[in-house]
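*Asks:* If you want my numbering, it's the position in the sequence shown, counting the first as 1, plus 4.
Glycine included, C-beta positions come from ideal geometry on N, C-alpha and C.
So that we are looking at the same thing, I have put the structure below in structure tokens.
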Amino acid sequence: MRYFIELSYNGKAYHGWQNQPNAISVQEVIENALSTLLSSSISIVGAGRTDAGVHAKQMFAHFDTDSEIDEKQLAYKLNSFLPKDVAIHEIFGVKDDAHARFDATSRAYIYELSTAKNPFTTETAYLVTLPLDVEAMNKACEKLLGHKDFQCFSKSNTDVKTYYCTIESAVWSETDSGLKFEIKADRFLRNMVRAIVGTLLNIGLGKLTIDDLDTIIASKNRSEAGYSVPAHGLYLTEVKYPKSIRL
């Protein structure tokens, strides 16, 4: 039987989602807890890979088991086993061929920016105190929607077959503590959101023009794009699936 897990986590203490040989990951702590509770070796497959320090307000993973389980009871027990920075929201049965990564139809991220020194956001938002031209940054966001190949924003030496992504929406808006960047696409490349944010900030700071964005994307060269902003301001906020995967 295959099950999906809906969860969230604060990524500060983890070396990303995926298992690492010499560092702790979110995947590892969940697999260890599941294996203990179900008295068998359980592997899970996530909807994607978040980098070290990146958070998830909504993440999904799937696992297979021969054991009969009470979904609500297992979710309750998992939350008791897991550290306080990982939370299980739901476990539900899915079709045998449902896949947490490949069946996702879209993913959404938010990047949080603090525009004034704030002791309560130092670990949850990136501090930028210089004035930003948000209107120019949003005009650049509109340009993003007209492109497909985002190799210039991808981490080097990744094992992807294509750098094509369809960005559905991208926008900056004001928050109580500063600004937030929201972006939604069918898929994302490694480091893509953080590189996009760094490039858009350079436009907001006047270091790049809006038209420079087209040139950067056409170059397919990571060194042409802006810097990669810190991980602690990035949140995976939504992963969408077809309703038909549920039993």
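(1) Relative to the C-alpha of N195, which candidate in Y7, H66, Q155 has its C-alpha closest?
(2) According to DSSP, D68 sits in a beta bridge with which residue or residues?
(3) CA-CA distance, Q24 and T54?
(4) Using the beta-carbon count (16 or more within 10 Å), is Q77 buried or exposed?
(5) Indicate whether S173 and V90 have their beta-carbon atoms separated by less than 9 Å.
(6) Got a sec, what are the start and stop residues for the beta strand (DSSP E) S110 sits in?
(7) Curious, which full-length beta strand (DSSP E) runs of at least 3 residues does the region 148 to 186 contain?
(8) For T162, tell me which candidate among Q31, L193, P87, V132 has the shortest Cα-Cα distance.
(9) Helix, strand or coil for R105? Go by DSSP, reduced to three states.
(10) In angstroms with no decimal places, state the Cα-to-Cα distance between H103 and F85.
(11) Tell me which residues share the same chain as A129 and place their Cβ nearer than 7 Å to its Cβ, disregarding the 5 neighbours each side in the sequence.
(12) Quick check: the Cα distance between M63 and K152, rounded to an integer number of angstroms?
(13) Excluding the 5 residues flanking L149 on each side, which residues of the same chain have their C-beta closer than 6 Å to its C-beta?
(14) What separation, rounded to the nearest whole angstrom, lies between the Cα atoms of I48 and F8?
(15) Do three or more CB pairs link the region 222 to 238 to the region 198 to 210 at distances below 8 Å?
(16) What's the C-alpha gap between R111 and K188?
(17) Measuring only the C-alpha atoms, how far is Q22 from A222?
(18) Hey, could you find the ends of the beta strand (DSSP E) E94 is sitting in?
(19) Look up K244 in the DSSP assignment and give the residues it is bridged to.
*Replies:* Checking against the coordinates, here is how it stands:
(1) Q155
(2) BP columns for D68 point to R6.
(3) Rounded to the nearest angstrom, the two C-alpha atoms are 13 Å apart.
(4) exposed
(5) no
(6) 110 to 118
(7) 171 to 178
(8) L193
(9) coil
(10) 25 Å
(11) Contacts found: E116, L117, S118, S181, G182, G237.
(12) So the two alpha carbons sit approximately 25 Å from each other.
(13) I171
(14) C-alpha of I48 to C-alpha of F8: approximately 9 Å in a straight line.
(15) yes
(16) 6 Å
(17) 31 Å
(18) Unbroken beta strand (DSSP E) run through E94: 90 to 98.
(19) Paired residues: S110.
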